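A.B. asks: Just so you know, the UniProt record's numbering puts 7 at position 7 of the sequence shown, and the rest follows in order with no gaps.
Just so you know, even glycine gets a beta-carbon here, dropped at the ideal spot from N, CA and C.
Note that the coordinates shown come from a computational prediction; the quantities given were computed from them, not determined experimentally.
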Amino acid sequence: MFDLITIGRCGVDVYPLQTGVGLDRVESFGKFLGGSPTNVAVAAARHGLRSAVITATGADPFGAYVRRAIRGFGVDDAYVATVEGAPTPVTFCEIFPPDDFPIYFYRGEHPPDLRLTPESLDLDAIRDATVFWFTATGLSQEPSRSAHAAALAARRSGWTVFDLDYRPVLWESPEAARRGVREMLPHANVAVGNLDEVENAVGTRDPEAAAQALLDAGMRVAVVKMGPEGVLARSADERAVVEPVKVEVVNGIGAGDAFGGALCLGLIRGWPLERAVRFANAAGAYVAARLACADAMPTTDEVLALL
Numbered sequence: 001m002f003d004l005i006t007i008g009r010c011g012v013d014v015y016p017l018q019t020g021v022g023l024d025r026v027e028s029f030g031k032f033l034g035g036s037p038t039n040v041a042v043a044a045a046r047h048g049l050r051s052a053v054i055t056a057t058g059a060d061p062f063g064a065y066v067r068r069a070i071r072g073f074g075v076d077d078a079y080v081a082t083v084e085g086a087p088t089p090v091t092f093c094e095i096f097p098p099d100d101f102p103i104y105f106y107r108g109e110h111p112p113d114l115r116l117t118p119e120s121l122d123l124d125a126i127r128d129a130t131v132f133w134f135t136a137t138g139l140s141q142e143p144s145r146s147a148h149a150a151a152l153a154a155r156r157s158g159w160t161v162f163d164l165d166y167r168p169v170l171w172e173s174p175e176a177a178r179r180g181v182r183e184m185l186p187h188a189n190v191a192v193g194n195l196d197e198v199e200n201a202v203g204t205r206d207p208e209a210a211a212q213a214l215l216d217a218g219m220r221v222a223v224v225k226m227g228p229e230g231v232l233a234r235s236a237d238e239r240a241v242v243e244p245v246k247v248e249v250v251n252g253i254g255a256g257d258a259f260g261g262a263l264c265l266g267l268i269r270g271w272p273l274e275r276a277v278r279f280a281n282a283a284g285a286y287v288a289a290r291l292a293c294a295d296a297m298p299t300t301d302e303v304l305a306l307l
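Here you go:
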């Protein structure tokens, strides 16, 4: 049985090895494992959790790299499929610290991870996982949307975390994104998102109102990331506001994935909400102070050193 199973994007992140320079002038790049759900699984594995990711790559060298990297980070790759005729996605970014990190997705019209089908899933493993983590992007196309619905229907207990992960460029329209997210909200019991993402989900970017709306939609825990104002987390009987951890930001792109993996640890361990969110916030800060995402995921001791 897995502590955590995630489902969704994987790919190759290509980051410039120069900061403050646009892609048109960058001279050298580094290649890293990418895809938010994949990196959440990596983050959890760094904390000693048994994690797996359900995803798919193309039948190409980048796909071979992704699978090798997933295994290398201690994540089970049994549910990583290979799809013929669809290249492994590649994502470029620009790095303008402290808060400007434009992302450029090269995923094609029907990337491998959106070709997952209900029939391809191990529903028993999904049902038995302590935490199941899914993202909004996985709802943006069929057959992935139906695969997600089948996975969520299999869940009977434990934590089902909805990463509200709103990437407008990956959706047909804002209306389709709102509809897709709101249809799946009742199947989760934890929701995590920034202000743009909670606005897409519940129609308001006011943190308190958004958290309450998520609780009203059936969440046991609602987490709203407020940027420089920190993180607000609510449950039926707990409320926590955690200020940002002060670090010199290098690349903020992987911080949310580190936050997610660390939050899963707190949920599994049954920590009080404030402790779990404070720990997750520090994990995100740790990664924000480094260039890479998966490669930079901290251990538990490294997070505790920031607290």
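1. Please state if the CB of A44 and the CB of D3 are separated by a distance shorter than 8 Å.
2. Among P112, H148, E199, F105, whose alpha-carbon lies nearest the alpha-carbon of D122?
3. First and last residue of the alpha helix (DSSP H) that includes C264?
4. Mind reading off the beta-carbon distance from residue 390 to L164? Whole number of angstroms is fine, and I expect it under 8 Å.
5. By the three-class DSSP mapping on this structure, what secondary structure does G108 have?
6. Going by other Cβ atoms of all chains shown within 10 Å of its Cβ, with 16 needed for buried, is I103 buried or exposed?
7. Do L214 and residue 309 come within 8 Å of each other at the CB atom, strictly closer than that value?
8. On the DSSP bridge list, what partners appear for T135?
9. If contacts are defined as beta-carbon pairs under 8 Å, then A136 and A69 qualify, I think. What distance do you get, rounded to the angstrom?
10. So what does DSSP say about D295, is it helix, strand or coil?
11. Give me the residue from D216, V242, N281, E199 with the minimum Cα distance to N189.
12. Taking its Cβ as the centre, do 16 or more other Cβ atoms sit within 10 Å of D13, making it buried, or is it exposed?
13. So C264 and L49 are supposed to be a Cβ contact under 8 Å. How far apart are they, rounded?
14. My parser needs the beta strand (DSSP E) runs of 3 or more residues fully inside the segment 196-256; what are they?
15. Going by other Cβ atoms of all chains shown within 10 Å of its Cβ, with 16 needed for buried, is V169 buried or exposed?
16. To the nearest angstrom, how far is the alpha carbon of residue 309 from that of G252?
17. Which value, in whole angstroms, describes the spacing of the CA atoms of T91 and H110?
18. Between S144 and G180, what straight-line distance do the alpha-carbon atoms span, to the nearest angstrom?
19. Classify E119 as buried or exposed, calling it buried when 16 or more other Cβ atoms lie within 10 Å of its own Cβ.
20. Have a look at S235, A59, A285, V40 and flag the residue whose alpha-carbon is nearest the alpha-carbon of E274.
21. Does the segment 23-34 come close enough to the segment 50-60 that 3 or more CB-CB pairs lie under 8 Å?
22. Quick check on S36: buried or exposed, where buried means 16 or more other Cβ atoms within 10 Å of its Cβ?
23. Would DSSP call D301 helix, strand or coil?
24. Out of R269, T300, N39, E238, which one is the CA nearest neighbour of T130?
C.D. replies: According to the structure data:
1. Yes, these two residues count as a Cβ contact at 8 Å.
2. D122 has its Cα closest to that of H148, out of P112, H148, E199, F105.
3. 255-269
4. What is shown of the chain runs 1 to 307, which leaves residue 390 out entirely.
5. coil
6. exposed
7. Outside the displayed range of the chain (1 to 307) lies residue 309, so it cannot be described from this structure.
8. In the DSSP assignment, the residues bridged to T135 are D163.
9. Actually they are not in contact, since the Cβ atoms of A136 and A69 sit about 24 Å apart, beyond 8 Å.
10. helix
11. D216
12. buried
13. At roughly 7 Å, the Cβ-Cβ gap stays under 8 Å, so C264 and L49 are in contact.
14. Runs of the beta strand (DSSP E) inside the segment 196-256: 221-225, 231-235, 239-242.
15. exposed
16. In this structure the chain extends from 1 to 307, so residue 309 is not present and cannot be described.
17. 15 Å
18. 12 Å
19. exposed
20. Nearest Cα to E274 within the set S235, A59, A285, V40: S235.
21. no
22. buried
23. Three-state result, D301: helix.
24. For the options R269, T300, N39, E238, the alpha carbon positioned closest to that of T130 is the one of R269.
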